[in-house]
Structures are given as structure tokens and as C-alpha cells.
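Contents: one structure, followed by commentary.
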Amino acid sequence: MNRERTFDLLIIGGGVIGSSIAYHLANDGFDGRIGVFEKDPTYERSSTVLSVGGIRRQFSTEVNVRLSKYSLAFYQEFGERMETEGGRPEIDFKPRGYLFLGSEKNWPILVRHQAFQKLLGVETQLLNVKETLQLIPDLNTEDLVGSSFSAGDGYMDPHSVLQGFVKKARHLGVEYIHQEVVEILRKGDRLEGVKTKDGTTYVSSSIVNTAGPYAGEVGRMAGIEIPVVPVRRMVYLVKPSRLFDYDLPLVIDTSGVYFLHEAGKQILTGKSRKEEPPGYNLQWDRTYFNEEIWPSLGHRIPLFDELKLMSGWAGLYEMNQWDFNGIIGEHPEVRGFYMAAGFSGHGFQQAPAVGKALSERIQLGRYETIDVRPLGYERILEGRKVLEEEVI
Ligand SMILES: Cc1cc2nc3c(=O)[nH]c(=O)nc-3n(C[C@H](O)[C@H](O)[C@H](O)COP(=O)(O)OP(=O)(O)OC[C@H]3O[C@@H](n4cnc5c(N)ncnc54)[C@H](O)[C@@H]3O)c2cc1C
């Protein structure tokens with residue numbers, strides 16, 4: 129028997145982006161029934177729980193700085209905001225700062241970005257070599273001229289953040305439907321609903337695509353080309369021969385390798401592989417660490433010449449091949465089709481602000497808190513790119 133249910137708004141993808149949108153809509157007084165489809169309630173393969181959970185305000189475009197600024201303040205109050213009768217979520221936020229290391233080559237870029245960030249109210253500091261060494265005494269600075277440090281940025285447990293959003297959204301009346309959407313029903317430029325794998329039809333004229341790495345596929349279900357593809361990223365957990373007796377900030381080396389402290393003072397590290405082909409590949413391999421990451425780690429911190437690779441994992445970036453930034457807003461022709469996808473490695477940190485922005489767009493028809501129009505789908509149709517120089 130084919131079943132049919134009716135909603136006022138349907139969200140496809142219950143990761144951090146979809147759940148933040150659901151929470152913000154409900155919290156901002158959305159008058160109607162919201163359904164969130166999530167095909168994998170364990171979230172085992174979702175980008176959110178496989179992310180490193182970092183948040184930084186060091187970006188080179190205004191919209192990205194503003195999104196992270198709003199989101200940082202939000203995450204600082206996450207426990208209070210997400211509290212329910214079941215308690216407060218603990219997201220283990222570590223505000224140790226982000227430290228971009230500067231060589232002769234990238235120093236002028238860091239200087240330019242720092243001045244820009246300052247204009248937007250972010251107190252990024254330029255540190256000379258001596259000051260950088262005060263933060264990390266074990267650093268090899270022979271090829272460095274300084275660093276750029278944003279105190280207060282940091283990282284947290286993405287799984288707890290996601291659970292916090294989901295619980296609070298449900299508490300506010302949002303329904304999570306553990307089904308895979310396989311079809312979007314569209315007549316001309318009007319949306320009529322979706323169909324799930326079990327054959328149920330969900331009627332709605334408003335649909336939000338927050339399917340993360342699957343956003344391109346979900347777009348195609350509606351006949352809309354969204355240039356988002358899955359691209360594997362690997363993370364490695366290593367144990368150095370001597371554990372530091374101080375806390376590291378999240379460091380971005382000039383080689384592109386990043387590293388930070390994990391529980392027990394182990395080190396979490398990774399580096400985006402430029403030539404990684406698109407695909408749903410979650411295979412984790414050690415070779416990439418041995419060949420591409422370890423040499424850079426050992427160069428930057430000689431102590432890392434000796435370490436034990438403990439474990440790691442692979443997750444998927446939802447890569448926007450157009451310009452490596454989020455695509456946020458309503459489709460200009462297919463009204464009622466909203467999207468928030470393609471964050472290309474910086475979606476976790478932007479989730480609170482993206483949720484707020486889409487809640488405003490859906491309920492008020494405009495953005496009030498942050499103007500995310502530069503990230504609208506229109507830019508793809510019009511051939512405009514948002515050129516963000518600080519994509520990790
Ligand atoms: C290794 C790694 C490290 C990262 N580190 C950071 C970081 O430090 N900081 C940062 O800001 N970002 C980081 N990111 C990026 C970040 O994880 C993503 O930008 C963010 O999690 C995207 O959230 P999402 O909700 O869009 O996607 P997801 O979490 O993937 O959620 C999408 C959900 O949609 C569901 N879905 C898909 N299709 C369907 C369908 N047809 N029907 C029903 N459900 C469906 C999926 O099951 C999935 O759960 C990292 C990513 C990786 C892989």
C-alpha cells in the first residue's frame with residue numbers, strides 16, 4: 129500500500145547542516161510541520177561525524193569570515209542553547225586558536241588577510257618567529273618568517289554537536305524520518321514532494337537539499353545541476369615518542385599539513401590530497417601518511433621524526449567544483465527548492481550561521497543576520513566565483 133504524508137517543509141539530509149536549519153527554523157517560530165530525512169541514523173558515513181570539528185575565522189572573503197564569526201559565538205553557548213529536559217550537550221570545545229605558519233612565500237598573503245579580518249572585527253594576530261616559538265617551543269622555524277594566530281578559534285566533538293542539534297530540533301517538534309529519498313516530485317517549476325525508498329510519498333512544496341556529499345545526486349533528482357561531488361579526505365592519529373606538556377593550537381603548516389592535539393596528547397593530522405579523484409571512497413590508507421604527511425611533520429617538529437601511527441579514518445568532503453565554497457539559498461527558477469551544500473571542508477564550522485540564514489530566507493524571504501547572497505546558486509548561473517584563498 130502506498131502511503132502519503134504532508135509536510136510544510138522537507139529537509140533531505142540530517143547532518144549538521146540539515147539539523148541546524150531544522151533547529152533554527154523551529155526555534156525561530158516556523159509555523160508548520162518540518163520533516164528531516166536521514167538515510168543513515170547511525171551517521172557512520174556522514175561528513176559531520178568524520179570531520180575534525182575545527183572552527184576558524186581566518187578566511188579571506190567577507191561572507192566566510194562572517195559565517196564563522198557568528199558560528200563561533202553560537203558554539204561558545206551551544207550547551208545552553210541546546211539544553212532540553214534531557215540535559216545539556218557537552219561538545220568539548222577547545223579554544224586553542226588556529227595558527228597559520230608563514231614562510232617568505234605566503235607571508236604577504238597572511239599579512240593581507242590579517243588586515244582584512246581585523247576590519248571585520250576578528251583580532252587575528254601576526255606573530256614573529258620568537259612569538260610563534262612561545263606558543264610551540266618544539267617548532268622548527270628555519271624556513272618561517274612568522275605566523276598568523278586567531279586566539280579563541282578551536283575545535284570540538286562534531287558528533288556531540290550533531291546530537292545536540294538533532295535532540296533540540298526534535299524537542300521543538302521537528303520529525304526525523306529514517307528513510308532514503310529516491311525521487312523528487314516536480315511539475316514544471318513547482319515542487320510537489322518526495323518519494324522514499326519504502327514507497328511513501330511526502331507532499332510538500334518546499335524542499336531543502338542538505339545531503340552533504342550526495343547533494344549533487346539529490347539536485348539531479350529535481351533536475352537541477354549542483355556541482356557538488358564527494359572527495360575523500362584522510363585523517364591520522366599518531367603518538368609521538370615524547371608527549372608535549374603544553375597544548376598545541378590547530379596548526380596549518382606551510383606544506384598544507386595540519387595538526388592538533390587529541391585526547392591523551394596524541395596528534396591528529398591530515399592534508400588535503402589535491403589529486404584525489406571524486407568518488408564515494410572511504411578507504412583509509414597508511415601510504416599517504418608515510419609519503420606525504422610524515423616528512424612535513426618531521427620537518428616542522430623534529431620530535432615527530434619518531435612517532436607511531438595509531439589509527440585514522442577517511443571521510444568525504446562535499447566538494448563544490450565551481451569555487452570550493454558553500455552554495456546557500458533558493459533556486460532562482462525552481463521556487464521552494466533550497467540548498468545548503470558544497471562547503472568543501474568548512475561546513476561544520478559554518479553550520480550554525482547557515483541554519484540561521486536559511487531560516488530567515490525561508491520565513492522572511494530575506495537575510496537579516498548575515499547576507500549570504502554572495503554564496504547563492506545564482507553565481508553559478510551567472511559565471512561568478514567566490515574566491516576564498518584559505519581553503520584547507
Ligand atoms: C576528514 C574531514 C575533516 C573535516 N574537518 C572539518 C573541520 O575541521 N571544520 C569544518 O568546518 N568542516 C570540516 N569538514 C567538512 C564538514 O565535515 C562538512 O562540511 C559538513 O559536515 C557537512 O555537513 P552536512 O550536514 O552537509 O553533510 P553530512 O554530515 O554528510 O550530512 C548529510 C546527510 O545526508 C544524508 N543523505 C544523503 N542523501 C540522502 C538521501 N537521498 N536521503 C536521505 N538522507 C540522505 C546522509 O546520510 C548524511 O547523513 C571535514 C570533512 C572531512 C571529511
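Numbering (the working numbering), first residue to last: 129 to 520. Glycine included, each C-beta is placed from N, C-alpha and C at the ideal position.
(request) Compare the beta carbon distance of L365 and S276 with 7 Å and say whether it is the shorter of the two. (result) The residue labelled residue 365 in the question sits at position 237 within the sequence shown. The residue labelled residue 276 in the question sits at position 148 within the sequence shown. For L365 and S276, no; Cβs fall outside 7 Å.
(message) For a quick check, are the C-beta atoms of G534 and D433 less than 7 Å apart?
(response) Residue 534 falls outside the range modelled here, since the chain spans only 129 to 520, and no answer is possible.
(request) Classify V310 as buried or exposed, calling it buried when 16 or more other Cβ atoms lie within 10 Å of its own Cβ. (result) Indexing the sequence shown from 1 puts residue 310 at position 182. Label assigned to V310: exposed.
(message) Considering just the uninterrupted stretch of the alpha helix (DSSP H) at M349, what are its terminal residues?
(response) Your numbering for residue 349 matches position 221 in the sequence shown. First-last of the alpha helix (DSSP H) with M349: 343 to 349.
(request) Can you grab the Cα-Cα spacing for the pair L509 / I455, in whole Å? (result) In the sequence shown, residue 509 corresponds to position 381, counting from 1. In the sequence shown, residue 455 corresponds to position 327, counting from 1. Taking the straight line from one Cα to the other gives about 12 Å.
(request) Give a yes or no on whether the C-beta atoms belonging to D281 and I139 are separated by under 7 Å. (result) Position 153 of the sequence shown, counted from the first residue, corresponds to residue 281. Position 11 of the sequence shown, counted from the first residue, corresponds to residue 139. No. Outside cutoff.
(message) What does DSSP give as the partner residue(s) for P368 in the beta ladder?
(response) Stepping through the sequence shown from its first residue, residue 368 is reached at position 240. P368 has L435 as its beta-bridge partners, per DSSP.
(message) In the DSSP assignment, the beta strand (DSSP E) including L254 goes from what residue to what residue?
(response) Position 126 of the sequence shown, counted from the first residue, corresponds to residue 254. First-last of the beta strand (DSSP E) with L254: 253 to 255.
(request) Quick one: give me the first and last residue of the beta strand (DSSP E) that E320 is part of. (result) The residue given as residue 320 occupies position 192 in the sequence shown. Its beta strand (DSSP E) spans residues 318 to 324.
(request) Measure the CB-CB distance between Q525 and L195 and report whether it falls below 7 Å. (result) The structure shown has nothing for residue 525, since the chain only spans 129 to 520.
(request) Report buried or exposed for R463, applying the criterion of at least 16 other Cβ atoms within 10 angstroms of its Cβ. (result) By one-based count along the sequence shown, residue 463 stands at place 335. Exposed: under 16 other Cβ atoms inside 10 Å.
(message) Looking only at its chain, what residues have a beta carbon closer than 8 Å to the beta carbon of R298, apart from the 5 residues adjacent to it on each side?
(response) As a first step, residue 298 must be located in the sequence shown, where it is residue number 170. Taken in chain order, the residues that qualify are Y304.
(request) Please classify D381: is it buried, with 16 or more other beta-carbons within 10 angstroms of its beta-carbon, or exposed? (result) Position 253 of the sequence shown holds residue 381. Taking every protein chain shown into account, the CB of D381 has 16 or more other CB atoms within 10 angstroms, so this residue is buried.
(request) Indicate, with yes or no, if ligand 1 has a heavy atom lying under 6 Å from the CB of A150. (result) Taking the first residue of the sequence shown as position 1, residue 150 is located at position 22. It does not: the Cβ of A150 is nowhere closer than 6 Å to a heavy atom of ligand 1.
(message) Applying the 10 Å Cβ sphere with the 16-neighbour rule, what's the burial state of L492?
(response) To locate residue 492, count along the sequence shown from 1; it is residue 364. Result: exposed.
(request) List the whole-angstrom C-beta distance separating R314 from A350, where the pair is believed to meet the contact cut-off of C-beta under 8 Å. (result) Locating residue 314 in the sequence shown gives position 186, where the first residue counts as 1. Locating residue 350 in the sequence shown gives position 222, where the first residue counts as 1. Correct: roughly 5 Å between the Cβ atoms.
(request) Go ahead and label H474 buried or exposed: buried means 16 or more other beta carbons lie within 10 angstroms of its beta carbon, across all protein chains shown. (result) Here residue 474 is taken as the residue at index 346 of the sequence shown, counted from 1. Label assigned to H474: buried.
(message) Restricting to Cα atoms, I'd like to know which of E211, N453, R318 is closest to L503.
(response) As a first step, residue 503 is located in the sequence shown; it is residue number 375 there, counting from the start. Cα-wise, what sits closest to L503 is N453.
(request) Give a yes or no on whether the C-beta atoms belonging to R370 and E404 are separated by under 7 Å. (result) By 1-based counting over the sequence shown, the position of residue 370 is 242. By 1-based counting over the sequence shown, the position of residue 404 is 276. When the beta-carbon positions are compared, R370 and E404 stay at least 7 Å from each other.
(message) So, with DSSP's three-state summary, where would you put W441?
(response) Within the sequence shown, the letter at position 313 stands for residue 441. Residue state for W441 is assigned as strand, using DSSP reduced to three classes.
(request) Could you pull the start and end residues of the alpha helix (DSSP H) that V180 belongs to? (result) By one-based count along the sequence shown, residue 180 stands at place 52. Unbroken run through V180: none, as it is neither H nor E.
(request) With a threshold of 6 Å, establish whether the CB of Q411 neighbours any heavy atom of ligand 1. (result) On the sequence shown, position 283 is the one that residue 411 refers to. Checking the Cβ of Q411 against ligand 1 gives no.
(message) Beta-carbon within less than 7 Å of R414's beta-carbon, same chain only, minus the 5 sequence neighbours each way: which residues are those?
(response) As a working note, residue 414 is residue 286 in the sequence shown. Taken in chain order, the residues that qualify are L437.
(request) If I'm right that L267 touches P368 with Cβ under 8 Å, what's the distance once you round it to whole angstroms? (result) Here residue 267 refers to the residue found at position 139 when the sequence shown is read from its first residue. Here residue 368 refers to the residue found at position 240 when the sequence shown is read from its first residue. Rounded, the Cβ-Cβ distance is 14 Å, inconsistent with contact.
(request) Leaving out five residues on either side along the sequence, give the residues of the same chain with a beta carbon under 7 Å from the beta carbon of N234. (result) What you label residue 234 is simply residue 106 of the sequence shown in a count that begins at 1. Correct list, in chain order: T382.
(request) Assign L313 to one of three DSSP states: helix, strand, or coil. (result) The residue given as residue 313 occupies position 185 in the sequence shown. In the structure shown, L313 sits in a strand (DSSP, three-state: E or B).
(request) Would you mind working out which of I312, R501, V363 sits nearest W422, comparing C-alpha positions? (result) Position 294 of the sequence shown holds residue 422. Comparing alpha carbon positions, the residue from I312, R501, V363 closest to W422 is V363.
(request) With DSSP as the reference, label P236 as helix, strand or coil. (result) Residue mapping note: residue 236 aligns to position 108 of the sequence shown, counting from 1. Secondary structure at P236: helix, using DSSP grouped into helix, strand and coil.
(message) Between the alpha carbons of A150 and K295, how many angstroms are there, rounded?
(response) As a first step, residue 150 must be located in the sequence shown, where it is residue number 22. As a first step, residue 295 must be located in the sequence shown, where it is residue number 167. Straight-line measurement puts the Cα of K295 at about 11 Å from the Cα of A150.
(request) Compute the minimum distance between the beta carbon of E308 and the heavy atoms of ligand 2, and state whether it is under 6 Å. (result) This structure lacks ligand 2; the ligands present are ligand 1.
(message) Am I right that L378 and Y226 are in contact with their C-beta atoms under 8 Å? What's the rounded C-beta distance?
(response) Within the sequence shown, numbered from 1, the residue matching residue 378 stands at position 250. Within the sequence shown, numbered from 1, the residue matching residue 226 stands at position 98. Between L378 and Y226 a beta carbon distance of about 5 Å is seen, short of the 8 Å cut, so the two are scored as contacting.
(request) Specify, as a first and last residue, the run of the beta strand (DSSP E) that R133 falls within. (result) In the sequence shown, counting from the first residue as 1, residue 133 sits at position 5. 132 to 134 is the extent of the beta strand (DSSP E) around R133.
(message) Check for me: the alpha helix (DSSP H) holding I508 runs from which residue to which?
(response) Counting from 1 along the sequence shown, the entry for residue 508 is found at position 380. Where I508 is concerned, the enclosing alpha helix (DSSP H) starts and stops at 506 to 509.
(message) Is G474 a contact residue of ligand 1, with contact defined as CB to any heavy atom under 6 Å?
(response) Here residue 474 corresponds to residue number 346 of the sequence shown, with the count starting at 1. This sequence places His at residue 474; Gly is not what is there. Taking the Cβ of H474 as the reference point, at least one heavy atom of ligand 1 falls within a distance shorter than 6 Å.
(request) Please indicate yes or no: does the CB of Y226 lie closer than 6 Å to some heavy atom of ligand 1? (result) Sequence index remark: in the sequence shown, residue 226 carries index 98 (1-based). No - ligand 1 has no heavy atom lying nearer than 6 Å to the Cβ of Y226.
(request) Check whether the Cβ atoms of A339 and G141 sit closer than 7 Å, and answer yes or no. (result) For the purposes of this step, residue 339 is identified with residue 211 of the sequence shown, where counting begins at 1. For the purposes of this step, residue 141 is identified with residue 13 of the sequence shown, where counting begins at 1. It is a contact, given that the beta carbons lie within the stated cut-off.
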